[in-house]
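Novice:
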Amino acid sequence: MHNLGYIPRDCVQNIKKRMKPLTQREKQIVLLIGNGLRGDQIAASLKISPQTVRKHRANIAQKLGLSTTVQLVSYAVTVAQSSSMNPFPHHCCNTRQT
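To convert, count from 1 in the sequence shown and add 132; that's our numbering.
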């Protein structure tokens with residue numbers, strides 16, 4: 133993914149605050165979603181089942197008060213674009229198959 137623009141500091145602080153109730157694994161999954169990975173790619177990357185990824189996604193949505201996949205993906209992209217929170221270089225998560 134390319135940088136979509138500057139994220140204001142107060143927005144980054146809000147993201148960090150909202151991420152607190154998430155487990156480390158859930159935070160990883162949020163970042164991977166935000167970096168464009170599909171559920172099956174996340175499962176392979178983390179060596180977990182696709183069903184486990186789906187369960188984590190449901191838990192993340194519930195904890196963050198998100199009711200749609202679009203909301204979850206939008207939030208995840210915002211998190212991933214916040215470089216201070218993203219331990220994954222954008223290029224390392226690009227696992228598109230050709």
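Beta carbons: idealized from backbone N, C-alpha and C, even for Gly.
When we look at the beta-carbon of N167 and count the other beta-carbons within 10 Å, is it buried (16 or more) or exposed?
Specialist: Along the sequence shown, read from residue 1 onward, the residue named residue 167 stands at position 35. Under this definition N167 is a buried residue.
Novice: Below 6 Å, is the gap between the Cβ of I174 and the nearest heavy atom of the ligand COA?
Specialist: Annotation note on the ligand COA: not contained in the displayed structure, which lists no ligands.
Novice: If I follow the unbroken alpha helix (DSSP H) through K187, where does it start and stop?
Specialist: As a first step, residue 187 is located in the sequence shown; it is residue number 55 there, counting from the start. Start and end: P182 to L196.
Novice: Can at least three beta-carbon pairs, one atom from the segment 156-173 and one from the segment 200-213, be found at a separation below 8 Å?
Specialist: With the cut-off at 8 Å, the segment 156-173 and the segment 200-213 touch.
Novice: Please state whether the Cβ-Cβ distance between P153 and K195 is less than 7 Å.
Specialist: The residue you call residue 153 lines up with position 21 of the sequence shown. The residue you call residue 195 lines up with position 63 of the sequence shown. In this structure, K195 lies closer than 7 Å to P153 by Cβ.
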